[in-house]
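Student:
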Amino acid sequence: MISQYGMTQIANKVSTLLAQGAYIKDGQQVTVPIFRKEYSGNAVKVYLYLTDEDIGTFSDFQILDEEGNVILTKPDSITKDAAQGLLVAFEVSIQEVES
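Position 4 of the sequence shown, counting from 1, maps to 4 under the UniProt record's numbering, and the rest follow consecutively.
(1) Between the region 39-50 and the region 83-91, do at least 3 Cβ pairs fall closer than 8 Å?
(2) If you follow the beta strand (DSSP E) that residue 70 is part of, which residue opens it and which one closes it?
(3) Taking a contact to mean a Cβ-Cβ separation below 7 Å, would you say residue 19 touches residue 66 in this structure?
(4) Can you tell which of 44, 81, 10 and 60 has the C-alpha that lies nearest to the C-alpha of residue 75?
(5) Just to confirm the assignment, what range does the beta strand (DSSP E) spanning residue 48 have?
(6) From residue 27 to residue 38, what distance separates their C-alpha atoms?
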């Protein structure tokens, strides 16, 4: 069984690996900083934020490591106007499997 300390350490290592975000906006790849990272329970959550000033068609959301390698993907496609911001969430669950 993974101890609470072990879960926290694993979550910290996963969180450190997730360095930046990216998406396609109107056909062009855009790299952005991660808006927020959280750890709760057995999950690491990572958020990208599109402000109300971000307008257009957005797709292929990604979380990248420091070298730009893709770690997480979300192939959604969203058309957004200036009405409000948008939070894009990724979640990595940590689970022990006994054999």
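C-beta atoms are modelled at their ideal positions from N, C-alpha and C, and glycine is treated no differently.
Just so we're clear, the structure is a prediction, and the values are computed from it rather than from any experiment.
Tutor: Reading it off the structure:
(1) Counting Cβ pairs under 8 Å, three or more are found: they touch.
(2) Counting along the chain, residue 70 sits inside the beta strand (DSSP E) bounded by residues 70-80.
(3) A contact, by the Cβ cut-off of 7 Å.
(4) Nearest option by C-alpha distance: 60.
(5) Unbroken beta strand (DSSP E) run through residue 48: 43-50.
(6) For residue 27 and residue 38, the distance between alpha carbons rounds to 30 Å.
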